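Asker:
There are 2 protein chains.
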Amino acid sequence: MKYEAMLRSLKGDVDQIDRHIRGNLSSRVPLINEVGNYIILAGGKRLRSLLFVLSARLCGYLGQLSHYYSTIFEYLHSATLLHDDVVDGADIRRGKAAANIEYGNQAAVLVGDFLLSKSFSQAVEIGDIRMLEVLSNTTTMMAEGEVLELVHILNLAITQEEYLQVIISKTAILFSASCHMGAIFGRADNARQQALKSYGLNLGIAFQVVDDNLDYTSNVAEFGKPVGNDLKEGKITLPLIIAMKDGTTEDKTELASLIKKRDLTETEFTRIRDLVNKTDALPKAHQIAWSYIEKAKSDLDVFPDSPEKTLFLNLASYVVERKK
Amino acid sequence: MKYEAMLRSLKGDVDQIDRHIRGNLSSRVPLINEVGNYIILAGGKRLRSLLFVLSARLCGYLGQLSHYYSTIFEYLHSATLLHDDVVDGADIRRGKAAANIEYGNQAAVLVGDFLLSKSFSQAVEIGDIRMLEVLSNTTTMMAEGEVLELVHILNLAITQEEYLQVIISKTAILFSASCHMGAIFGRADNARQQALKSYGLNLGIAFQVVDDNLDYTSNVAEFGKPVGNDLKEGKITLPLIIAMKDGTTEDKTELASLIKKRDLTETEFTRIRDLVNKTDALPKAHQIAWSYIEKAKSDLDVFPDSPEKTLFLNLASYVVERKK
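Shown next as structure tokens:
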């Protein structure tokens, strides 16, 4: 597979990130370390941490401290996963029991708070107010995005624009912050900072669109969470929005009545998937993801060609071509 | 009542704090404003915000910006209330339905996250890294305190020292941060910063000990939450710790067997209260609260006499003599 070499080339960075994730997560309360390790070490691609490290490197940073600080983003991401799973009543995360199931909602909420605070503490250590501005605006916007998503539960009238607003706030803004803060950390000039900020945003949008597609097409073994999960949680994502726009009146009526049922049977989910597929919603959504990847790539025009830039271009393609 | 004049003299500050609480809490997501206002405007003494404003003033700050920034502490406090109530499955807060009941656990968790982030955003605005250090260490420690409390649920073997560790982390550290950050904001020298940091810590310990006493002695109309609530949630607080230390073997056995029942009847709670009272645990706990208030007062020795200092001395006595 064409991305294997790229992922292999990143293994050294991922290993260093993992080492710091373990090292920095030290609380005097054993349960915090246990739940924290449970959620963070369960897997994940470390994409947000990698984007920070690689952005700093693309901007000329040659040191090793970026790996240490990159855990800011993994802790923050894990905090939102813990809270999301409580909010969604999730059963499975990354192929095993979600932390809220394993340790209870109480521990999941509180350890999420701990990880969010830890993320801030680490960012404060850097001592750069601009980075803290980006980070605090990001977490504020992420919380808004989560609430927006909650408000739109089972809202079949949600528009593509409103959907984009949700995924920008809940997902893309953190990708953007990782890249932007990496650029600041790498002492990039303003043009490069803005370029990476925008690259991260477009990459993050494409990432979430693809994630939402995978919820219709993947399987639990590959994806690490049950397929059709978004629908079970009442989340109306892009494939369905397209189907509700492009489908026949009859199909849209059937879709609407199926979706209102919360406990979908396998047969019902298959029927929804068939109705969605009749409108070519999945390739259409994929096309939209690609359009953001094209934007992300052109954001990099301010950088001269280099192996680091090539990596960013390939990473963008990988995000939209990945199968899990 | 002897504190009425003091509280009246603070009304102007409280009004300004309230105005900024409303003004600063503006999200583009209406549900956030609604839940935020629900929890924050339901009441509360604005003690944490006041401590920030008054500490800055005690250190010579004469401007008005301290009121604007004081909402950092009220937002942070409200965030923890929202998450606590989800964690505790609380029904009532400040005399009305808890936000998790009114809006659901999901909104309570996410709006809590929003308020925590908002608190950081506002602190970042000040642009002082030392203040951000204090704030992020505080929220990290608070999350640890909440988890510690969870770990000690129904732990009848909890020692007085472990109890103090919990209340320092979950409550006193925020009082301390309000005072400490007020001193930094007021450009105090290090001795005064440390004095106010310590004052806030001792005040906060006394505050929580009194709060835990009130849970045995007050009533819902005065206290704004049901009496005996801590026990219902399995929280072993100081009065019970003292009773389990000083009671007769027979009484301790009876206490232990009563406490293991989670759904206490009125009669059972009254019996627990009687057994606790037999050991004079409430006046003993009150005495401990007073000892911290004495420490808090002597922390102020570095300040020359002034009306502002007198206010801090009176505030300390008020915290331990209040009835709600």
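Chains as they are written, first to last, in this note's numbering: chain X, 10 to 333; chain A, 10 to 333. Glycine is no exception: its CB is placed at the ideal position from the N, C-alpha and C atoms. Every value quoted in this text rests on a predicted model; they were computed, and no experiment measured them.
Does any C-beta atom of chain X lie closer than 7 Å to the C-beta of A/L157?
Answerer: Interface residue, yes.
Asker: Below 8 Å on the Cβ atoms is my guess for X/I26 versus X/S79; work out the distance and round it to an integer in Å.
Answerer: Between X/S79 and X/I26 the Cβ distance is about 5 Å, and since that is below 8 Å, they are a contact.
Asker: So that I know if they touch, is there some Cβ in chain X lying closer than 7 Å to that of A/L85?
Answerer: Closer than 7 Å: no.
Asker: Where does A/A270 sit, in a helix, a strand or coil, going by DSSP?
Answerer: In the sequence on display, residue 270 of chain A carries Lys and not Ala. Three-state DSSP puts A/K270 in coil, outside helix and strand.
Asker: Under 7 Å, Cβ to Cβ, is there at least one residue of chain A near X/I193?
Answerer: No, no contact with chain A.
Asker: Quick one: give me the first and last residue of the alpha helix (DSSP H) that A/Q73 is part of.
Answerer: Note, A/Q73: premise wrong, no alpha helix (DSSP H); not H, not E.
Asker: Of the choices X/I281, X/C68, X/A51 and X/M253, whose alpha-carbon is the least far from that of X/Q169?
Answerer: Ranking X/I281, X/C68, X/A51 and X/M253 by Cα distance to X/Q169 puts X/M253 first.
Asker: Let me confirm a value: A/I73 is counted as buried when at least 16 other C-beta atoms fall within 10 Å, else exposed. Which label applies?
Answerer: Checking the sequence shown, residue 73 of chain A turns out to be Gln, not Ile. By the neighbour-count rule (16 or more Cβ atoms within 10 Å), A/Q73 is not buried but exposed.
Asker: Starting from the C-beta of X/S58, find all residues in its chain whose C-beta is less than 6 Å away, skip the five residues before and the five after it, and write them out in chain order.
Answerer: Only I26, S79, F82 and E83 meet the Cβ criterion.
Asker: What do you get for X/I162, buried or exposed, if any count of 16 or more other CB atoms within 10 angstroms of its CB means buried?
Answerer: With fewer than 16 other Cβ atoms within 10 Å, it is exposed.
Asker: Is it buried or exposed for A/D224, if we count other Cβ within 10 angstroms and need 16 for buried?
Answerer: Buried: at least 16 other Cβ atoms inside 10 Å.
Asker: Going by Cα to Cα distance, which pick from A/E259, A/A305 and A/G136 is closest to A/L284?
Answerer: The option with the nearest alpha carbon to A/L284 is A/E259.
Asker: If you run the structure through DSSP and keep just helix, strand and coil, what is X/I245?
Answerer: Correct three-state label for X/I245: coil.
Asker: Closer than 9 Å between beta carbons: that is the criterion. Which residues of the region 45-68 of chain A meet it against chain X?
Answerer: Of all residues in the region 45-68 of chain A, none has a Cβ within less than 9 Å of some Cβ in chain X.
Asker: Quick one: list the residues of chain A neighbouring X/H92, beta-carbon separation under 8 Å, in chain order.
Answerer: Within 8 Å Cβ-Cβ: V118, L119 and D122.
Asker: I need the straight-line Cα distance from A/T274 to X/R280, nearest angstrom please.
Answerer: Distance between the alpha carbons of A/T274 and X/R280: 52 Å.
Asker: If the cut is a Cβ gap below 8 Å, which residues of chain X does A/V175 touch?
Answerer: Neighbours of A/V175 on chain X: none; closest Cβ ~10 Å, over 8 Å.
Asker: Could you say which of A/A117, A/R17 and A/L264 lies nearest to A/N46 if we only look at CA atoms?
Answerer: The option with the nearest alpha carbon to A/N46 is A/A117.
Asker: Do three or more CB pairs link the region 103-112 of chain A to the region 37-56 of chain A at distances below 8 Å?
Answerer: Counting Cβ pairs under 8 Å, three or more are found: they touch.
Asker: Any residues in the region 136-165 of chain X with a beta carbon nearer than 7 Å to a beta carbon of chain A? Which ones, in chain order?
Answerer: Taking 7 Å as the Cβ-Cβ cut-off against chain A, the residues of the region 136-165 of chain X that qualify are G136, I138, L141, E142, S145, N146, T148, T149, A152, E153, E155, V156, L157, L159 and V160.
Asker: Ignoring anything shorter than 4 residues or poking outside the region 37-109 of chain A, list the alpha helix (DSSP H) runs there in chain order.
Answerer: 39-49, 56-67, 74-78 and 80-97, all fully within the region 37-109 of chain A.
Asker: Name, going along the chain, the residues of the region 176-187 of chain X whose beta-carbon falls closer than 7 Å to a beta-carbon of chain A.
Answerer: Here the close residues number zero.
Asker: Going along chain X in order, which residues have a C-beta closer than 8 Å to the C-beta of A/R37?
Answerer: Those are E153, listed as they occur along chain X.
Asker: For the alpha helix (DSSP H) containing A/I30, name the first residue and the last one.
Answerer: Its alpha helix (DSSP H) spans residues K20 to N33.
Asker: Quick one, which of X/D24, X/K54 and X/C68 has its alpha-carbon nearest X/L205's?
Answerer: Ranking X/D24, X/K54 and X/C68 by Cα distance to X/L205 puts X/C68 first.
Asker: Rounded to whole angstroms, how far is the Cβ of A/L309 from the Cβ of A/I245, which I believe are closer than 8 Å?
Answerer: That pair is no contact at about 33 Å.
Asker: On a Cα-Cα basis, can you pick out the residue from X/N42, X/Y327 and X/L291 that is closest to X/L124?
Answerer: Nearest C-alpha to X/L124: X/N42.
Asker: Roughly how many angstroms separate the alpha carbons of X/L247 and A/S178, rounded to a whole number?
Answerer: Their backbone Cα atoms lie some 44 Å apart in a straight line.
Asker: Excluding sequence positions up to five away, which residues of its chain have a Cβ less than 6 Å from the Cβ of X/S64?
Answerer: If we look at X/S64 and ignore the five residues flanking it on each side, its Cβ neighbours are C188, G191, A192 and L205.
Asker: Measuring alpha carbon to alpha carbon, tell me which residue in A/K54, A/K127 and A/M15 is nearest A/S35.
Answerer: Among A/K54, A/K127 and A/M15, the Cα nearest to that of A/S35 belongs to A/K127.
Asker: Is DSSP giving A/G209 helix, strand or coil here?
Answerer: A/G209: helix per DSSP, three-state reduction.
Asker: For A/K241, decide whether its Cβ has a neighbour in chain X, counting only Cβ atoms nearer than 7 Å.
Answerer: A/K241 does not count as touching chain X.
Asker: Do you know how far the Cα of A/G195 is from the Cα of A/G66?
Answerer: The amino acid at residue 66 of chain A is misidentified as Gly; the sequence shows Arg. Looking at the two C-alpha atoms, the distance is approximately 7 Å.
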